[in-house]
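Every letter in the sequence shown is one number past the one before it in our numbering, and letter 107, counting from 1, is 107. Backbone N, C-alpha and C fix where the C-beta goes; we use that ideal spot for every residue, glycine too. This structure is a prediction, so every number in the text was calculated from the model and none was measured.
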Amino acid sequence: MRTTTAAQRRAQDKNAYNAFLAACPSRQLLDRLSDKWVVLVLCALGGDANEAGEPAPLRYSELSRQIAGVSQKMLTQTLRSLERDGVLTRSVTPTVPVTVTYTLTDLGISLHRTTRLLRTWAQDNMDAVQANRREYDARE
């Protein structure tokens with residue numbers, strides 16, 4: 001049996017989740033997080049669209065109204081994947097009709113901080129990006 005030194009164990013731990021390595025499982029997570037619907041769901045649940053700006057539980061229909069253009073299928077798939085990852089929780093209240101609400105977990109709130117910055121950057125810099133695209137396209 002071969003033993004490893006503390007330095008070797010630290011090096012292994014450092015590379016355990018290195019997204020630059022082809023076999024790293026964190027690439028799957030990055031793939032999920034790069035989806036526009038994920039970013040918009042996190043921002044909506046994080047309170048970006050409400051006046052208080054605080055995370056608040058939202059019903060499925062409220063999410064659907066806030067996120068223009070999302071299909072029922074995509075919203076459902078996005079919510080299920082985020083629930084599976086532990087980013088949000090789904091609560092069912094037995095009313096008529098049934099009330100389903102979604103709430104960010106602590107993990108989701110920490111991720112929301114990043115997605116809020118990404119969404120804000122995109123909104124703030126869209127004019128410059130469009131100008132750059134026009135300039136690039138004119139050269140081609």
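- A buried status is given to glycine 108, since no fewer than 16 other beta-carbon atoms sit within 10 Å of its beta-carbon.
- If you look at threonine 115, you'll find it in the alpha helix (DSSP H) that goes 106–139.
- The shortest C-alpha to C-alpha distance from arginine 32 to any of Thr114, Asp85, Arg113, Asp137 is the one to Asp85.
- The alpha-carbon separation between proline 55 and leucine 118 amounts to approximately 17 Å.
- The C-beta separation of valine 100 from valine 92 comes to about 5 Å, placing the pair in contact by the 8 Å criterion.
- Within the segment 28–60, the alpha helix (DSSP H) runs of at least 4 residues that lie entirely inside it are, in chain order, 36–45.
- Inter-residue distance for serine 34 and leucine 42 is about 12 Å (C-alpha atoms, whole angstroms).
- Serine 91: member of the beta strand (DSSP E) spanning 88–93, first to last residue.
- Going by DSSP, arginine 84 is part of the alpha helix (DSSP H) stretching over 72–84.
- Contact between arginine 27 and alanine 19 holds, since their C-beta atoms are separated by about 6 Å, short of 8 Å.
- In this structure, the beta-carbon distance from alanine 44 to leucine 63 falls below 7 Å.
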